[in-house]
Structure formats: structure tokens, C-alpha cells
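Sequential numbering from 1 applies to the sequence shown in the working numbering.
Positions of the beta carbon are idealized from the N, C-alpha and C atoms, including for glycine.
Just so you know, these numbers come straight off a predicted model, no measurement behind them.
Working notes, beginning with the structure itself.
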Amino acid sequence: MYGGVCDAWNFTSSSELLPDWYSEVLAGGKFTDVLMFGDCRPIHRPVHAVAKQAGVAVRVFEEGYVRPNWLTFEQHGVNGRSLLPRDPAWYLEHRADIPASAPGRETGYNLRERAFHDIRYRLANALYAFRFPHYRSHRPQNGFVEYAGLASRALKSRWQHRHADEVTRELLESRLPYYLFPLQLNSDTQIVVHSEFDGVRHAIEQVMRSFASHAPIGNCLVIKNHPLDTGLIDYRRYAQSLARELDIENRLRFIDAGHLPTLLDHALGVVLVNSTVGLSALHHRRPLIALGDAIYDIPGLTWQQGLHSFWSEAEPPDMALYQAFLDYVIHHTQINGDFYTRRGIAMAVSETVRRLEASRV
């Protein structure tokens with residue numbers, strides 16, 4: 001469906017034969033780069049070693065570190081595999097060499113376009129399954145099961161937004177001090193590969209137990225579900241059940257929607273695994289702790305002394321360091337565009353080609 005008229009190879013054998021097939025394809029010396037979307041799926045993992053041996057550069061696309069209007073394009077890997085420096089002094093020492101980042105042009109991205117491509121992808125998987133009998137999706141659930149979950153969540157959308165608005169109003173009008181904990185998708189490689197957690201529930205448990213034992217009594221914890229969560233795992237029920245066990249029912253707020261900038265503006269701090277919300281939290285000058293491997297988990301940007309002390313001792317980020325870091329990330333790893341809209345794709349392709357050609361000079 002997306003192949004167009006370009007030359008392509010269809011690999012139809014078992015995954016155990018992928019490394020040898022990659023070696024055969026890359027051994028001819030015809031290729032300078034391997035381009036991938038993501039770098040941790042089963043079909044991606046064998047590429048890294050094979051490409052290195054063949055002297056071929058690996059470049060990886062991913063959703064943008066900076067949102068919206070940006071996508072990520074890095075050599076070697078993204079997220080936990082990124083080669084971005086983790087030393088704060090490096091960014092400050094090279095500040096003069098880092099151009100100021102310009103705001104990205106609007107791409108027209110919207111969830112309707114994304115949903116269209118997701119449905120198209122699922123249909124292709126179903127229609128062409130007979131041609132690729134050994135293919136296994138990286139997604140843990142059948143697409144139709146996920147759609148059923150999303151449909152159920154969509155039916156509750158009006159209530160979820162109304163409830164989130166009520167909770168936000170309560171927090172602001174009563175001036176309740178709170179920490180924000182935005183959730184991620186359970187199947188995201190950021191959770192599965194780049195964190196110590198075996199799932200989102202594991203992260204919820206660790207955060208809530210620490211909060212119950214170490215956060216000041218008058219403070220609340222606001223857990224915000226991911227907007228694209230399928231609803232197949234009832235995190236609300238799980239969190240509320242754990243809150244009863246920990247005797248913090250009156251200190252927990254769970255929301256499935258809500259205006260993130262407003263919630264960030266008024267939070268005492270933000271705790272997360274390694275979500276891109278971390279960069280938004282830094283933009284809003286909020287104290288931040290990352291419990292997984294994150295590109296922004298750098299001394300001076302995030303709390304480094306552990307979760308238990310975060311609740312009462314965390315400090316705001318160093319904004320000079322943040323700006324130097326952000327400018328470098330945008331200049332070296334971000335492309336203005338998206339993966340779903342005609343305009344966004346055209347913008348991304350144009351800049352990707354320019355960077356690939358520049359790397360050959």
C-alpha cells in the first residue's frame with residue numbers, strides 16, 4: 001500500500017534468517033545508509049551489527065522529541081540508543097556553536113490523519129498476511145482488539161474531558177499542591193526497552209508507594225493517562241485500588257484528559273518514566289524526575305537524587321542549560337515535518353534528503 005513504484009524486496013522467511021538476509025543485501029556495497037522507523041523492534045535489532053560490519057550508516061526516524069511539528073532523525077539510534085551527550089558541561093561549553101532554534105512551521109498534523117494511516121496499516125497486515133506468514137507485529141494486541149478498546153474510550157470521551165476539567169478547576173481554585181505523573185503507552189519501547197519497568201502498572205505502583213511514604217501530607221498526586229491509550233488496561237481502577245491500600249484515596253486524582261500546559265504550569269513537579277512530556281515540563285520550569293532512560297535526564301535538568309527525596313527537595317531546572325540542550329537537540333536531531341499529513345511528509349522528505357546529501361560532503 002505504501003511501496004509505490006520503487007524497487008523493493010519482500011522478505012518472507014522466518015525472523016531467524018533476517019541477519020543473513022541483511023548481510024547479503026548490504027554486502028554488495030550499493031548502500032551508504034539504512035533508514036528505519038524506530039530501532040528496537042524485532043526486525044530492527046539485527047540491522048545494527050550487520051550495518052556496522054558492512055560500513056553502512058544507520059539512521060533512525062521516530063516521533064519528535066519536540067512536539068508538535070517535529071520528527072526525530074538520528075544517526076545510530078533514538079531515545080535510549082541516542083548518541084546525544086549526557087554531560088551538562090558539554091552543552092554549556094559548546095553554547096556558542098549551537099544555533100538558536102526557530103519555531104517549527106505548522107504541518108497540519110491531526111489525529112484524524114494519524115488514525116487513517118493506522119487503519120490502513122492494520123488492513124494491509126490483514127490483507128497481505130498470507131504473503132508474509134512469518135511476520136509478527138511488535139504490538140502486543142490484535143489491531144481489532146485495540147480498536148475495540150479505543151472505541152470504548154471514545155464513547156467516554158465527553159465524560160473524561162468534563163471530569164478532567166473539573167479536577168483541574170478543583171486543583172487551581174483550592175490551590176491544592178500537586179505533582180503530575182503523565183503515563184505512557186504500555187507497549188512503547190520507552191517502557192519495554194528503555195526502562196526498568198515491566199509495564200505501566202509497575203511504574204504506577206512504584207510512584208504511588210513512594211508518594212505515600214515520602215511526599216508531604218498536604219500534597220496530591222495527579223495521574224494523567226496517555227491520550228492514545230487503548231483502555232484495555234484499566235489504570236484508573238488499578239491506581240484507585242492501590243490508593244485505598246496505601247490510605248491516600250483523598251490525595252489521588254486520576255484523569256484521562258486535561259489541558260497539559262495548564263497542569264504543568266501549576267504543578268509542584270513532574271514525575272515520569274521517559275516521556276517527551278519531560279521536555280514540556282522543562283519548558284514550564286517544573287522540577288522533573290525521569291525514572292527511565294531519557295535523553296534529557298541530565299544533571300541540572302532533572303532531579304538526580306532518587307524518587308523518595310524528589311517529593312520534598314527537587315529544584316527547578318537550569319534554564320540556561322535547558323535552552324542550550326533544546327537548541328542542540330532541534331538543530332541536530334529534529335526535522336520540521338510529520339509522518340501523516342501530505343504537507344508534513346513533503347517537509348520531512350525535503351529536509352531528510354538535504355541532510356543525507358550534506359553528510360556525504
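*8 Å contact criterion, which N186 and I223 should meet: CB distance rounded*: Incorrect: roughly 14 Å between the Cβ atoms, too far for contact.
*Tell me, which residues are paired with Q334 by DSSP?*
T72
*Stretch-stretch touch, CB-based, cutoff 8 Å, three pairs: the segment 53-71 with the segment 330-342*: yes
*Y128, enclosing beta strand (DSSP E) - first and last residue*: Counting along the chain, Y128 falls outside any beta strand (DSSP E), and DSSP gives it neither H nor E.
*Whose CA, out of L127, D188, Y121, S152, lies closest to the CA of E63?*
D188
*asked:* Can you give me the C-alpha to C-alpha distance between A148 and A96, rounded to a whole angstrom?
replied: 52 Å
*Alpha carbon to alpha carbon, how far is F130 from R136?*
Looking at the backbone, the Cα of F130 and that of R136 are separated by about 12 Å.
*In the DSSP assignment, what are the bridge partners of M36?*
V60
*Select from I298, V25, A267, I295 the residue whose C-alpha is nearest the C-alpha of R175.*
A267
*Look at the alpha carbon of N274 and the alpha carbon of H194, and state the distance between them as a whole number of angstroms.*
8 Å
*The beta strand (DSSP E) spanning F181 covers which residue range?*
For F181, the enclosing beta strand (DSSP E) has its first and last residue at 178-182.
*Taking the runs of the beta strand (DSSP E) that are 3 residues or longer, which of them lie wholly in the segment 243-303?*
As far as the segment 243-303 is concerned, its whole beta strand (DSSP E) runs of at least 3 residues are 252-255, 269-272, 288-290.
_Check this for me: beta carbons of Q184 and H138, under 8 Å apart or not?_
no
*Among D229, L228, I255, T230, which has the Cα closest to the Cα of A239?*
Of the listed residues, the one whose Cα sits closest to A239 is I255.
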